[in-house]
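Some notes on the structure that comes next.
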Amino acid sequence: MHELSIAQSIVEMVQQHVPPSDWDRVVAVRLKVGVLSGVVSDSLEFSFQAITSDTSFRRARLEIESIPFRIQCNACQTTTVSESGFAVCSQCGSVETKILSGSELHVSEIELEEPEEKKP
Amino acid sequence: MSVVTIERKVLEKNDALAEKNRELFHQSSIFVLNMVSSPGSGKTSILERTLEFLNGKLKIAVIEGDVQTDFDAQRVAKFGVPVVQIVTHGGCHLDASLVQDALRSLDLNGIQLLIIENVGNLVCPSNYDLGEHMKVVVASTTEGDDKPLKYPAMFRNASILLVNKIDLVPYVNCSLSALKGNALCMNPALTIFETSCTTKQGIAEWCNWLEKQTADLQKKNQ
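These protein sequences, in sequence, are chains A and B.
The first sequence begins at 1 in our numbering and counts up one residue at a time.
The second sequence begins at 1001 in our numbering and counts up one residue at a time.
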């Protein structure tokens, strides 16, 4: 359950990038989560809601973009998405591969509604 | 609607602290390992055999991470090495800040090798850089040969795989070649040692390698 401490880090990051007076305008936090990051998206969303439900961020939702595990073969140069998580080229079978993506755990964007849109 | 684009790593705060730890290790020329595995794979037993074998050859310090109790620190302290126990009180992994705190109560003077034994967990510790040079993942034969497929991130992020409890292979449903093959599919760059803490098979190879890595690092830092 390290998703709870990751959710806490996300809240701290939003607090750093949005002035306190605008915290209740945050409606979405967009994340990029690699399939090999070891983070379970459902648990992360649950944890985020649990720790923000009584705070200024209670209306904020996580929007998680899942990033596939993509490898490039050093032998045949083919770029493939590995569903199995194996770092083996599915074209030529070489294990000499470069990992292009899949371990990301990034906050990409924070979305705020305009002040006039704010519900009373 | 307005959008603030930030593109930051969620764990950047941990990574920055890990970098500080790494700097400290570099200044003191200490080779640092982060040992990870599921609970019960034999991390502490490997540590005991390692301390026994390297006694008088290397100056070693240990940081123990556990959810509760200081049992492991007590086991390690019997070998006369400096040891600090981190109790996470429910936390499922060590992070760079916990290690930074532990380092304050550890006298690193003269230490050549620091082994950090993480909380037994094959998922969470893989995300947290502690400032170590390498992650060592332990997989024991009693866990079966499919662990690397089930926990890819941990095997991907490790540099070393210790296949432990190999003396039990005749009694358990685990193929050594499948276990190693699965691990190499996840991470072709893994260096693999086979060990048994009961028969001490493989402990000398592992310790000799460790001694060489430590010496290489100190030569490089001179």
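Glycine included, each C-beta is placed from N, C-alpha and C at the ideal position.
This one's a predicted model, so the numbers in the text were calculated from it and none came from an experiment.
Please identify the residue among 96(A), 103(A), 31(A), 84(A) whose C-alpha is closest to the C-alpha of residue 78(A). For residue 78(A), the closest alpha carbon among the candidates 96(A), 103(A), 31(A), 84(A) is that of 96(A).
Give a yes or no on whether the C-beta atoms belonging to residue 73(A) and residue 101(A) are separated by under 8 Å. Taking C-beta atoms as the reference points, residue 73(A) and residue 101(A) fail to come closer than 8 Å.
If contact means a Cβ-Cβ distance below 8 Å, which residues of the stretch 1083–1098 of chain B contact chain A? Residues 1091, 1092, 1093, 1095.
Kindly indicate which residue of 1005(B), 1044(B), 1039(B), 1011(B) has the alpha-carbon position closest to the one of residue 1198(B). Ranking 1005(B), 1044(B), 1039(B), 1011(B) by Cα distance to residue 1198(B) puts 1044(B) first.
Take every Cβ of the stretch 1087–1107 of chain B, pair it with every Cβ of the stretch 1061–1076 of chain B, and state whether three or more of those distances are shorter than 8 Å. A contact between stretches requires three or more CB pairs, one per stretch, nearer than 8 Å, and the stretch 1087–1107 of chain B meets this requirement with the stretch 1061–1076 of chain B.
Any idea if residue 13(A) is buried or exposed, counting beta-carbon neighbours within 10 angstroms, 16 or more meaning buried? The residue in question, residue 13(A), is buried, as its Cβ has 16 or more Cβ neighbours within 10 Å.
Under the rule that 16 or more other beta-carbon atoms within 10 Å means buried, what is residue 1001(B), buried or exposed? An exposed status is given to residue 1001(B), since fewer than 16 other beta-carbon atoms sit within 10 Å of its beta-carbon.
List in chain order: all unbroken beta strand (DSSP E) runs of 3+ residues lying wholly within the stretch 1044–1072 of chain B. The qualifying runs are 1060–1066.
Just to confirm before moving on: does the CB-CB distance between residue 1195(B) and residue 1202(B) stay below 8 Å? For the 8 Å CB-CB criterion, residue 1195(B) and residue 1202(B) form a contact.
Check whether the Cβ atoms of residue 90(A) and residue 31(A) sit closer than 8 Å, and answer yes or no. Against a cut-off of 8 Å, the Cβ pair of residue 31(A) and residue 90(A) comes out as no contact.
Put residue 113(A) into one of helix, strand or coil per three-state DSSP. DSSP places residue 113(A) outside both helix and strand once states are collapsed to three, so it counts as coil.
By how many angstroms is the C-alpha of residue 1063(B) removed from the C-alpha of residue 9(A)? If I take the Cα positions, the gap works out to 25 Å.
For residue 1140(B), I'd like the list of residues in its chain whose CB is within less than 7 Å of its CB, leaving aside the five on either flank, ordered along the chain. Once the five neighbours on either side are set aside, the close Cβ partners of residue 1140(B) are 1041, 1042, 1164, 1165.
I'd like to confirm the pairing. Which residues does DSSP put opposite residue 34(A) in its beta bridges? For residue 34(A), which the question treats as bridged, DSSP gives the partners 67(A).
Could you spell out the range, first to last residue, of the beta strand (DSSP E) harbouring residue 1191(B)? Element bounds for residue 1191(B): 1191–1194.
Does the Cβ of residue 1173(B) have 16 or more other Cβ atoms within 10 Å, making it buried, or fewer, making it exposed? Under this definition residue 1173(B) is an exposed residue.
Check the Cβ-Cβ distances between residue 1010(B) and every residue of chain A, and say whether any is below 8 Å. So, interface residue.
Under 8 Å by Cβ, that's how I've got residue 1112(B) and residue 1218(B) pegged, so tell me the actual separation to the nearest angstrom. 7 Å between Cβ atoms; contact.
Buried or exposed: residue 1027(B), going by 16 or more other Cβ atoms within 10 Å of its Cβ? Exposed, by the Cβ-count rule.
Any idea if residue 1171(B) is buried or exposed, counting beta-carbon neighbours within 10 angstroms, 16 or more meaning buried? Around the beta carbon of residue 1171(B), fewer than 16 other beta carbons sit within 10 angstroms, so the residue counts as exposed.
From residue 105(A) to residue 64(A), what does the alpha carbon distance come to, in whole angstroms? C-alpha separation (whole angstroms): 10 Å.
Which whole-angstrom value describes the C-beta separation of residue 1054(B) and residue 1207(B), a residue pair presumed to lie in contact below a C-beta threshold of 8 Å? At roughly 5 Å, the Cβ-Cβ gap stays under 8 Å, so residue 1054(B) and residue 1207(B) are in contact.
Does DSSP put residue 90(A) in a helix, a strand or coil? DSSP places residue 90(A) in coil when its eight states are reduced to three.
Which residues in the same chain have their Cβ closer than 7 Å to the Cβ of residue 22(A), if we skip the five residues on either side of it in sequence? 112.
Bridge partners of residue 73(A), per DSSP? Looking at the DSSP assignment, residue 73(A) forms a beta bridge with 97(A).
Counting only Cβ pairs nearer than 7 Å, list the residues of chain E close to residue 93(A). As a matter of chain content, chain E is missing from the structure shown, whose protein chains are A and B.
Could you spell out the range, first to last residue, of the alpha helix (DSSP H) harbouring residue 1180(B)? Counting along the chain, the unbroken alpha helix (DSSP H) around residue 1180(B) starts and ends at 1176–1186.
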